[in-house]
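Read through the structure below, which is laid out as structure tokens, and then see the notes.
Protein chains: 2
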Amino acid sequence: MRAAAEVLSRPMRRRGKELERAIFEAALDQLTSGGFARLTMEGVAGAARTGKAALYRRWASKVELVIDALDSTLPRPDGTPDLGSARDELLLLVEGFVEAMDSRAGGAMQALMAELDHAQAEFFKDFIGQRVTEPTKIAILDILGRGAGRGEVRPGAVTPLVADVVPAMLLYRVKSGGRPIGLGYATELVDEVMVPLIRA
Amino acid sequence: MRAAAEVLSRPMRRRGKELERAIFEAALDQLTSGGFARLTMEGVAGAARTGKAALYRRWASKVELVIDALDSTLPRPDGTPDLGSARDELLLLVEGFVEAMDSRAGGAMQALMAELDHAQAEFFKDFIGQRVTEPTKIAILDILGRGAGRGEVRPGAVTPLVADVVPAMLLYRVKSGGRPIGLGYATELVDEVMVPLIRA
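Chains A and B, in that order, give the protein sequences. FYI, in our numbering the residues of the first sequence are 1 to 200. FYI, in our numbering the residues of the second sequence are 201 to 400.
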């Protein structure tokens, strides 16, 4: 029994990506079960069967650890495929967003934002800007530009301000109406707002 | 000297609206100079030359006091006048918003939101919903409906979702770009987004 307990509590010899994956899984588990306030570097180290020192070698604080853990699970927008229609491509993109926001990870992220203090929230906002907001803007501008090339999108609609409408409406929807957003909202947003706004 | 000090520290005999105005002024002064965290019921009572008990008779907490004080200074959207053009009416409304958000009171409100804890922020969000968001939605739907009556606005654009685009974009702008927003943004938002979206 004693030997078994010793084996279980002994740090496992894992390096690089393998250890990192175990740490991220432990961090996300603790985040979704107990929230950010109750998450500790020590708790994550214990759950991942490694030492606290191994965590602090990579992350200066739990905010940075949580950001890296979220980064590892967020889908990477590697561009929307050419579907031959700006409307269909926008719908695919918006539905992907709504699904992510309505998922368990989306809920954890939203709860996290509400829980963070001001300085932590600023740090987190920068992460969201680089990881979510900027790639989304580029993806929408791609869709609009491709549609203008096909002659179905008004060339004057291929602007950063028009590209802001989708993320602005999703943010406003979640701030004012809560979750779940539901896929019906994606269709309404595309057909009632985006299509009239961009059509040639 | 002693008599003068006594007179200054003695509660002034004022009732109803007059006392309320003095309390609101003192609360807003403390809010803009020292922030919400350092504002106390005692400090406001002292600055307004009344007793703490007089404050607690009306407001259960400083959150409620601050909300009433802000409510007393926020402009009341009593509808946008008929200017004969939906574009001009939207521009007037959006410019009014941008000016309010760029004002000293707008700055204090934004700082306040960042400073509040989660439960306080929820309470404050309800106030903003009733005091700002809902009246704005009604004002925009009025403008769109009037424009549809004139034949310049597409009847299909007179919807709550289209009316959300203005507040959503303003919220997104202030969240992602900070202040001041500037009146140029009002013109861009109206001419680059709203006009193409609603025109017949």
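Even glycine gets a Cβ: it sits at the ideal position worked out from N, Cα and C.
By the Cβ-count criterion, residue 238 of chain B is exposed, with fewer than 16 other Cβ atoms from all chains shown falling within 10 Å of its own Cβ.
With a cutoff of 8 Å on beta-carbon distance, residue 193 of chain A and residue 294 of chain B are scored as not near each other.
For residue 16 of chain A, the enclosing alpha helix (DSSP H) covers residues 16 to 34.
By the 16-neighbour rule on beta-carbons within 10 angstroms, residue 297 of chain B is buried. At a cut-off of 8 Å between C-beta atoms, residue 193 of chain A counts as an interface residue with respect to chain B. DSSP places residue 384 of chain B in the uninterrupted alpha helix (DSSP H) bounded by 383 to 388. For the segment 363 to 374 of chain B, the set of positions with a beta-carbon nearer than 9 Å to some beta-carbon of chain A reads 364, 365, 367, 368, 369, 370, 371, 372 and 373 in chain order. If you look at residue 196 of chain A, you'll find it in the alpha helix (DSSP H) that goes 195 to 198.
Only 154, 156, 157, 159, 161, 162, 164 and 165 from the segment 135 to 166 of chain A bring a Cβ to less than 9 Å from some Cβ of chain B. Between residue 315 of chain B and residue 224 of chain B, the C-beta gap is not smaller than 8 Å, which leaves the two residues out of contact. Its chain contains 400 as the residues whose beta carbon lies nearer than 7 Å to that of residue 351 of chain B, once the 5 sequence neighbours on both sides are disregarded; these appear in chain order.
What residue 397 of chain B touches in chain A, judged by beta-carbon distance under 8 Å, is 193, 196 and 197, going in chain order. In the structure shown, residue 358 of chain B adopts coil according to DSSP, grouped into three states. Using a Cβ distance threshold of 8 Å, residue 79 of chain A and residue 142 of chain A count as a contacting pair. Apart from sequence neighbours up to five positions away, the residues of its chain that approach residue 390 of chain B with a beta-carbon distance below 8 Å are 287, 290, 291 and 294, ordered along the chain. A contact is defined here as three or more CB-CB pairs under 8 Å, and the segment 45 to 61 of chain A meets this definition with respect to the segment 18 to 32 of chain A. Considering only A:67, A:178, A:106 and A:183, the residue with the shortest C-alpha distance to residue 122 of chain A is A:67. Within chain B, 376 have C-beta atoms less than 8 Å from the C-beta of residue 133 of chain A, given in sequence order.
Residue 388 of chain B reaches chain A at 161, counting residues in chain order whose Cβ is nearer than 7 Å. Bridge pairing for residue 353 of chain B: B:399 [DSSP]. Between the C-alpha atoms of residue 353 of chain B and residue 254 of chain B there is a straight-line separation of about 52 Å.
Bounds of the alpha helix (DSSP H) holding residue 177 of chain A are 165 to 177.
A direct Cα-Cα distance of roughly 24 Å separates residue 113 of chain A from residue 381 of chain B. Per DSSP, residue 282 of chain B lies in no alpha helix (DSSP H) segment and is marked neither H nor E.
The DSSP-derived three-state label of residue 274 of chain B is coil. If you look at residue 260 of chain B, you'll find it isn't in any alpha helix (DSSP H); DSSP assigns it neither H nor E. Burial state of residue 106 of chain A is buried, judged by a 10 Å Cβ sphere holding 16 or more other Cβ atoms. For residue 242 of chain B, the enclosing alpha helix (DSSP H) starts and ends at 241 to 247.
For residue 293 of chain B, the three-state secondary structure derived from DSSP is helix. Contact annotation, residue 336 of chain B with residue 367 of chain B: C-beta distance approximately 6 Å; criterion of less than 8 Å satisfied. For residue 335 of chain B, the three-state secondary structure derived from DSSP is helix.
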